[in-house]
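Residue numbers (our numbering): 2 to 355.
Ideal placement from N, C-alpha and C gives every residue a C-beta, glycine not left out.
Values in this document were obtained by computation on a predicted structure and should not be read as measured data.
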């Protein structure tokens, strides 16, 4: 089974030889016989930045040799470093899940091998495979999430946040980073080629820009209080596993600055995604429990800013899929972007707790 890698249709992002090698490695990893533990089958999952090979009890992640606005993995060395960063970042919230980094090698006879004696042609992140039924998004879909489940997630996250040293950066640098992130969101959502109605994105964008201009002191106060830590960076329901132990995978690995976060920003994002999946009750529970466990709660104005920004940011990520050479389900991305913009507008209301 050879996976379709539509992202590599953009030839300007990678050399022909690199693209051919990537396709060869992907085909090799799609075959059960390629693995030392001989799984019965291999299921391939595509993400924006990687191909994920579900091979029996293990998972192997292959980075795409592409350049996007937030990372550049075109070189073998860049992919090796990215794999190392992912392994290091994820030990914190998923102990025992991430097993290491191994090369795909070109052997003397020209064949490929996983961790062979030949020359590395690519690198993999190796993980222990988790039971998908325990993922929070799957439990929401099955109607199996309880209040105690949410509280367990909060306890795991609170313990993690309290163990992280505060980020040491200047107030000017902190606000500059936020302005940079918001500017990127505006550039995408206002791009006329996407055709998003101005009345759907203008109000929330103006609200978050005005907050940064007039109320940024709330954010620099959080920084001065040591509330900003190296967090997860991409806290979505599909990354949260609720089994005997709460495990949280897929920390954002390519830019540590994008993991510099207020814990309440992260859990607001998790609550937003739970709402999208049909469980809006989880969002206020997350905030209330985290406030109790951390012993403090940000002002509601700041929480509203986080909700609005996160919804706009997700709208931006949805609509950006249309820049792909051959986007999958192109009709879906504007619909999803407009749903998030609806959430962003609703978050402007002082009474909104989602």
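- Task: Let me know the secondary structure DSSP gives residue 75 once reduced to three states.
- Result: Translated into positions along the chain shown, residue 75 becomes position 74. Three-state DSSP puts residue 75 in coil, outside helix and strand.
- Task: Give the straight-line distance between the Cα atoms of residue 286 and residue 24, rounded to the nearest whole angstrom.
- Result: In the chain shown, counting from the first residue as 1, residue 286 sits at position 285. In the chain shown, counting from the first residue as 1, residue 24 sits at position 23. Spanning the two alpha carbons is a distance of roughly 45 Å.
- Would you be able to state if there are at least three C-beta pairs under 8 Å between the stretch 242–258 and the stretch 146–166? By the criterion of at least three beta-carbon pairs nearer than 8 Å, the stretch 146–166 is in contact with the stretch 242–258.
- Identity of the residue in 37, 261, 291 and 208 nearest residue 157 by Cα: The residue given as residue 157 occupies position 156 in the chain shown. The shortest C-alpha separation from residue 157 is found at 291.
- residue 230 to residue 35 span [Cα, whole Å]: In the chain shown, the residue the question calls residue 230 occupies position 229. In the chain shown, the residue the question calls residue 35 occupies position 34. Roughly 41 Å between the two C-alpha positions.
- Please name the residue, chosen from 108, 101, 147 and 123, that lies closest to residue 129 on a Cα-to-Cα basis. In the chain shown, residue 129 corresponds to position 128, counting from 1. The candidate whose alpha carbon is nearest that of residue 129 is 101.
- Just how far apart, CA to CA, sit residue 312 and residue 118? The residue given as residue 312 occupies position 311 in the chain shown. The residue given as residue 118 occupies position 117 in the chain shown. In a straight line, the C-alpha of residue 312 is about 47 Å away from that of residue 118.
- Item | Closest Cα partner of residue 198 within the set 344, 217, 339 and 113 | Along the chain shown, one-based indexing puts residue 198 at 197. The residue with the shortest Cα to Cα distance from residue 198 is 339.
- Query: In chain order, what residues of the same chain lie with their CB nearer than 8 Å to the CB of residue 258, ignoring the 5 residues before and after it?
  - Reply: For the purposes of this step, residue 258 is identified with residue 257 of the chain shown, where counting begins at 1. Once the five neighbours on either side are set aside, the close Cβ partners of residue 258 are 178.
- Message: Using the Cβ count rule (16 or more neighbours within 10 Å means buried), how would you classify residue 41?
- Response: As a first step, residue 41 must be located in the chain shown, where it is residue number 40. Answer is exposed; the Cβ neighbour count stays below 16.
- Item | Cα-Cα separation, residue 91 to residue 251 | The residue given as residue 91 occupies position 90 in the chain shown. The residue given as residue 251 occupies position 250 in the chain shown. Distance between the alpha carbons of residue 91 and residue 251: 7 Å.
- State the start and end residues of the unbroken beta strand (DSSP E) segment that holds residue 363. The requested residue 363 does not occur in the structure, where the chain is confined to residues 2 to 355.
- Message: Give me, in chain order, the residues of the same chain whose beta-carbon lies closer than 6 Å to that of residue 337; leave out the 5 immediate sequence neighbours on both sides.
- Response: Counted from its first residue, the chain shown places residue 337 at position 336. Hits under 6 Å: 319.
- Query: Mind checking whether residue 239 and residue 134 have CB atoms under 7 Å apart?
  - Reply: In the chain shown, counting from the first residue as 1, residue 239 sits at position 238. In the chain shown, counting from the first residue as 1, residue 134 sits at position 133. Cβ atoms of residue 239 and residue 134: not closer than 7 Å.
- Item | Cβ-Cβ distance between residue 72 and residue 270 below 7 Å | Along the chain shown, read from residue 1 onward, the residue named residue 72 stands at position 71. Along the chain shown, read from residue 1 onward, the residue named residue 270 stands at position 269. Not a contact, by the Cβ cut-off of 7 Å.
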